[in-house]
């Protein structure tokens, strides 16, 4: 598994989980502590953390860390991964790798190729993906409504960005 973080003005380093399953504890130790917590400290109180509904992200100890560190997590509709801009990034990266004339033939090559493709993503592209996601979320909320508490944070997220 690979974790990636994007923001309006750039990206974080890819984090490769080398072996085994990703549990809440591994996620906390390998992603939240070294990346998210420090980044939140640098950004300040406007930082909003967006992940998805993967089981390891929803572990109680993960929620405890986010609460202790005062990291605001965006509530996320369970059936709406397409609203998350990182999913567009993963799609682009996957297409780039699939289009190679000599695709990676080992995990090591795949990691290297993925890292190279990741490094080629421009900050302008990431900004555009996030901005268009905000516009899309706003459109969805306008025409379909928030359907209750699950999406309320989407509205505040869009408001904070614009």
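Numbering (the UniProt record's numbering), first residue to last: 1 to 162. Cβ coordinates follow ideal geometry from the N, Cα and C atoms, glycine included.
### Task
Out of 125, 130, 1, 48, point me to the one whose CA is closest to residue 54's CA.
What you label residue 54 is simply residue 54 of the chain shown in a count that begins at 1. Closest by alpha carbon: 1.
### Task
Using a threshold of 9 Å, state whether the C-beta atoms of residue 93 and residue 131 are closer than that.
By one-based count along the chain shown, residue 93 stands at place 93. By one-based count along the chain shown, residue 131 stands at place 131. With contacts defined as CB atoms closer than 9 Å, residue 93 and residue 131 fail to qualify as a contacting pair.
### Task
Check the C-beta distance from residue 27 over to residue 5 and give it rounded, since I have them as a contact under 8 Å.
For the purposes of this step, residue 27 is taken as the residue at position 27 of the chain shown. For the purposes of this step, residue 5 is taken as the residue at position 5 of the chain shown. With a Cβ gap of about 13 Å, residue 27 and residue 5 do not count as contacting.
### Query
Between residue 24 and the rest of its own chain, which residues show a CB-CB distance below 6 Å, the 5 nearest in sequence each way excluded?
For this step, residue 24 is matched to residue 24 along the chain shown. The residues are 56, 59, 61, 62.
### Query
Rounded C-beta distance between residue 85 and residue 10? I'm assuming under 8 Å.
Numbered from 1 along the chain shown, position 85 holds the residue referred to as residue 85. Numbered from 1 along the chain shown, position 10 holds the residue referred to as residue 10. With 8 Å as the limit, residue 85 and residue 10 do not qualify as a contact, their Cβ atoms being about 13 Å apart.
### Task
Could you please give me the residues that DSSP links to residue 15 through a beta bridge?
Residue mapping note: residue 15 aligns to position 15 of the chain shown, counting from 1. Beta-bridge pairing links residue 15 to 3.
### Task
Taking residue 133 and residue 83 to be in contact with their CB atoms under 8 Å, please state how far apart those CB atoms are, rounded to whole angstroms.
Counting from 1 along the chain shown, the entry for residue 133 is found at position 133. Counting from 1 along the chain shown, the entry for residue 83 is found at position 83. That pair is a contact at about 6 Å.
#### Entry: C-alpha distance - residue 18 paired with residue 135, whole-angstrom precision
In the chain shown, counting from the first residue as 1, residue 18 sits at position 18. In the chain shown, counting from the first residue as 1, residue 135 sits at position 135. One C-alpha to the other measures close to 36 Å.
#### Entry: Under the three-state DSSP convention, the category residue 97 falls into
Numbered from its first residue, the chain shown carries residue 97 at position 97. Here residue 97 sits in helix by DSSP.
### Query
residue 10 by DSSP, collapsed to three states: which one?
Taking the first residue of the chain shown as 1, we reach residue 10 at position 10. The answer is strand: DSSP assigns residue 10 an E or B state.
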